[in-house]
Each structure stands twice: as structure tokens, then as C-alpha cells.
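*Asks:* There's a structure below that I have some questions on.
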Amino acid sequence: MLRLFKIDNGLIKEMDFQKEDLPNQILKADWIDAHEPDDDERDLLELLLHTDIPESDEVDEIEISARCFVDSAGIHVHPLFLSQSEGRHMTLTVACILQQNHLITIREGDLADFRLLRMRARRGHVECRSPAELLVTLLDQKVENHADTLEDIHRQLEGVSHMVLEDDKSELEDAIGKLARLEDSNGKIRLCLMDTQRDISFLLRHLRDRTDQSETLREIARDVETLMSHTTFLFDKINFLMDSTQGFINIEQNQIIKIFSIAAVVFLPPTLVASIYGMNFEVMPELKMGLGYPWALLLMIISGFAPYWYFKRKGWL
-13 MLRLFKIDNG LIKEMDFQKE DLPNQILKAD WIDAHEPDDD ERDLLELLLH TDIPESDEVD
47 EIEISARCFV DSAGIHVHPL FLSQSEGRHM TLTVACILQQ NHLITIREGD LADFRLLRMR
107 ARRGHVECRS PAELLVTLLD QKVENHADTL EDIHRQLEGV SHMVLEDDKS ELEDAIGKLA
167 RLEDSNGKIR LCLMDTQRDI SFLLRHLRDR TDQSETLREI ARDVETLMSH TTFLFDKINF
227 LMDSTQGFIN IEQNQIIKIF SIAAVVFLPP TLVASIYGMN FEVMPELKMG LGYPWALLLM
287 IISGFAPYWY FKRKGWL
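One point on numbering: in the numbering used here, the residue at position 102 of the sequence shown is 88, and numbering is uninterrupted.
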């Protein structure tokens, strides 16, 4: 699917077009957003814009030379974006190609950052004067969304903290699962922020002649530094809660083992008495006792209660 946008009086606006008029509209568009383009759309973009449209496996390369480079077609940047599916976060790479008169974005997944940018564009809230400024705006919005997600993770951590440290009836196994998901989300955000730092550094080198964009990029870089520190704080908090949860689980398990240990100690002496009087030797003086049976029962009760009373008095129970 192709979406086309035009910069009109400093605002980005989506263009309506008919399929037969698509080639002319592509040439007029300032931003071409290719969401899961088919082969025909790829061929058309490559023909009109004189650039190769990368496949999904090509944009996922981790080497800096494959993610940020310049060629005859323009400036290529492949930033990581955060996506959410079924309550879990994942990262998706978007191929951005900045040309003199066009910004081309190629992506395989549906991203909240792009939905938000389109919604803001429809309301006339996206101000820019060039495709380069639009790319910077996209990165700025990406960082803002990461900040919102980190705030949401922090709020969820507060709930898990109450569950682990204050709620006696909470299920600690559930807390471990929640902490694992939050740690994974925080790690994905940190990865996106690190990628953003690399993209900004690259763009600063190649857009240094554009004063406005360079200053905005430096502001974004400062925001990223702040968010990186916040992710470190969240990692520390998650690790603390994880250690605390495992500690409480160990305490509960020790209490269970303690109960079994007490039961073994209490029942061991009566078992010994019962074993002695369960022997079948011919010479056993107690066999002729008229009160031998109640005496054996009383002895078993006393031998079981005595160690329990002793441990209780020592404060071991």
C-alpha cells in the first residue's frame, strides 16, 4: 500500500489519488510511505525515484554500513521502531531514503508512530518545510513515543512493586512473569534508543549545512540521553524486584521445608518406640505387663511432644 503526502504551506497533508494517476502523484509527493508494497509498487517506485527499494531482510542488517549510508539515490537510514502485538513489544526496521525532493519510507509492519503521524497530519499538526525536516520530525515523534512507553512501564512497575513488597496475598510467580515482560520491553526500547543515537549522529554529519534540522537533531539527542538514563533506572528497579520476588519465594519454600523437618523430628521418637515394641523377641519384659499397651502409647506421646516443647522453648520454631 502506498500513501502519498505533500507539504503545503508548511503543513504535511495526505494526497488523494486514482490508481491510473499514481505515477504523476508519486513525482509530486514529498513523502511516499510504502507499507508492505507489492512487486508492482516496488518496480514503479524504483523506476520513478531512481533508487532500489530494499527487501525486509536487507533492512535488518546490524552493521552500521548497511543501516546508514549515502549513495547516488540519496541518504539511507534504517531506524528501529517499536511495535506492540498481544501485549508484547517488538522492534521493526523501517527503510528511510531521503532525496532532494522526496522522503521514502518502506516498512513491513503497521507502526503506531506512523498512525499517529498520519492522524496529526490530518489535523494539521505536522509542520515542516522539506522532506529532511519531515524525517527529523518522524525521529522526534519516535523518541516521544518511547518516553510515553517508558512512563507506562514505570507505572506497571509500581503495581508489581506493591504486589511483591506489600500484598501478602499476591501470587509471586505471576509477578516474575510480569517483571520478565517489562524487562523485555525496556530492553527493546533501549535498543531503539541506541539505534536512534546512531541515526542522529549520521544525520548530523550529512545535514550539517541545514541549521534548523541540525539543532532539532541535537535536541533529540539530548532527549535520548535522558531516556537512556531512565532505562538504566528501570533495569535496576526490575532487577531489585526480581531479586526480592525470588527471595520471598525462597522464604516460602523454606517455611514448607521447615514444617516437614518439624514433623520428622516430632514423629521420629514415637516411631522409635513403636519399632522397639514391635519386635518379636521371646525375652521382652514388657510383654507380660498388664498396662504395657497404654504405657507404650503414653511413651510415644511424651517422646513426640518433648522435642517439640524443647525447640519451642529455644525459639527455633
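We put the beta carbon where it would ideally sit given N, CA and C, even for glycine.
Bear in mind that the values here come from a model prediction, so they are computed numbers and not experimental data.
Using the three-state DSSP reduction, which class does C178 fall into: helix, strand or coil?
*Replies:* Here C178 sits in helix by DSSP.
*Asks:* Taking 8 angstroms as the threshold, find out whether the segment 110 to 117 comes into contact with the segment 67 to 76 through three or more Cβ pairs.
*Replies:* Too few Cβ pairs lie closer than 8 angstroms, so no.
*Asks:* Taking all protein chains shown into account, do 16 or more other C-beta atoms lie within 10 angstroms of the C-beta of F27, making it buried, or fewer, making it exposed?
*Replies:* Reading the sequence as shown, one finds Glu at residue 27 and not Phe. By the 10 Å Cβ count, E27 comes out buried.
*Asks:* Per DSSP, which residues does R74 bridge with? Please list them.
*Replies:* Note: R74 sits in a beta bridge opposite S71.
*Asks:* Is the distance from the Cβ of L384 to the Cβ of I186 below 7 angstroms?
*Replies:* Because the chain spans -13 through 303 in this model, residue 384 falls outside it and cannot be assessed.
*Asks:* Can S147 and L227 be called in contact, C-beta distance under 7 angstroms?
*Replies:* Yes. Within cutoff.
*Asks:* Compare the C-alpha of P280 against each of Y263, A161, M270 and S230 and name the closest.
*Replies:* Among Y263, A161, M270 and S230, the Cα nearest to that of P280 belongs to Y263.
*Asks:* Have a look at E144 and L220 and give me their C-alpha separation to the nearest angstrom.
*Replies:* Roughly 11 angstroms between the two C-alpha positions.
*Asks:* On a CA-only basis, which of D134, Y296, Q86 and A292 is nearest D306? Give me that one, please.
*Replies:* Past the boundaries of the shown model lies residue 306; the chain is included only from -13 to 303, so the question cannot be answered.
*Asks:* Could you tell me which uninterrupted alpha helix (DSSP H) segments, each at least 4 residues in length, are contained entirely in the segment 102 to 161, listed from first to last along the chain?
*Replies:* Here the runs fully enclosed are 117 to 151.
*Asks:* Relative to the C-alpha of D154, which residue among P40, I235, M105 and H192 is closest?
*Replies:* When each option's Cα is compared against that of D154, the closest is I235.
*Asks:* Looking only at its chain, what residues have a beta carbon closer than 8 angstroms to the beta carbon of M12, apart from the 5 residues adjacent to it on each side?
*Replies:* A small correction: the amino acid at residue 12 is Ile; Met does not occupy that position in the sequence shown. L(-12), L(-10), I18, L30, L31, L34 and L35.
*Asks:* For the segment 156 to 172 against the segment 246 to 253, do three or more pairs of beta-carbon atoms, one drawn from each stretch, fall closer than 8 angstroms, so that the two count as touching?
*Replies:* Short answer: they don't touch.
*Asks:* Report the partner residues of G60 according to the DSSP bridge assignment.
*Replies:* According to DSSP, G60 bridges with D57.
*Asks:* Provide the residue(s) that pair with D19 in DSSP beta bridges, ordered along the chain.
*Replies:* Beta-bridge pairing links D19 to R(-11) and T91.
*Asks:* Between the segment 100 to 111 and the segment 81 to 88, do three or more beta carbon pairs fall short of 8 angstroms?
*Replies:* Contact fails: fewer than three Cβ-Cβ distances are below 8 angstroms.
*Asks:* Have a look at V56 and H64 and give me their C-alpha separation to the nearest angstrom.
*Replies:* About 12 angstroms.
*Asks:* Over what stretch of residues does the alpha helix (DSSP H) that includes E27 continue unbroken?
*Replies:* Here the alpha helix (DSSP H) through E27 covers D25 to L35.
*Asks:* So, at 7 angstroms on beta carbons, what are the nonlocal neighbours of K(-1) in its own chain, with the 5 sequence-adjacent residues on each side left out?
*Replies:* The residues are F(-9), K(-8) and A107.
*Asks:* Would a C-beta distance cut-off of 7 angstroms place E119 and Q199 closer than the cut-off?
*Replies:* Cβ distance < 7 angstroms, so E119 and Q199 count as in contact.
*Asks:* Ignore the nearest five residues each way along the sequence and tell me which others in P255's own chain have a CB closer than 8 angstroms to its CB.
*Replies:* Counting only Cβ-Cβ distances below 8 angstroms, and skipping sequence neighbours, we find M286, S289, G290, A292 and P293.
*Asks:* For T79, which residues does DSSP report across the bridge?
*Replies:* According to DSSP, T79 bridges with L66.
*Asks:* Could you name the residues that DSSP lists as bridge partners for L84?
*Replies:* Paired residues: I61 and L89.
*Asks:* Where do the ends of the beta strand (DSSP E) carrying L(-3) lie?
*Replies:* Note, L(-3): beta strand (DSSP E), L(-3) to E0.
*Asks:* With distance defined between alpha-carbon atoms, name the residue in C54, H62, D16 and D24 nearest to T37.
*Replies:* With distances taken between Cα atoms, T37 lies closest to H62.
*Asks:* When the distance is taken between beta carbons, is E41 closer than 7 angstroms to E94?
*Replies:* No, these two residues do not count as a Cβ contact at 7 angstroms.
*Asks:* I'd like to know whether the C-beta atoms of I175 and T231 end up nearer to each other than 7 angstroms.
*Replies:* No, they are not a contact pair.
*Asks:* Could you tell me the alpha carbon to alpha carbon distance between L277 and E238, rounded to whole angstroms?
*Replies:* Cα to Cα, the separation comes out at about 45 angstroms.
*Asks:* Taking only the alpha-carbon atoms, compute the straight-line gap between L8 and T91 and give it to the nearest angstrom.
*Replies:* For L8 and T91, the distance between alpha carbons rounds to 17 angstroms.
*Asks:* Which residues in the same chain as H140 place their Cβ atom closer than 7 angstroms to its Cβ, once the five residues preceding and following it in sequence are excluded?
*Replies:* Hits under 7 angstroms: L220.
*Asks:* Taking the alpha helix (DSSP H) that K14 falls in, what are its first and last residues?
*Replies:* Element bounds for K14: L8 to K14.
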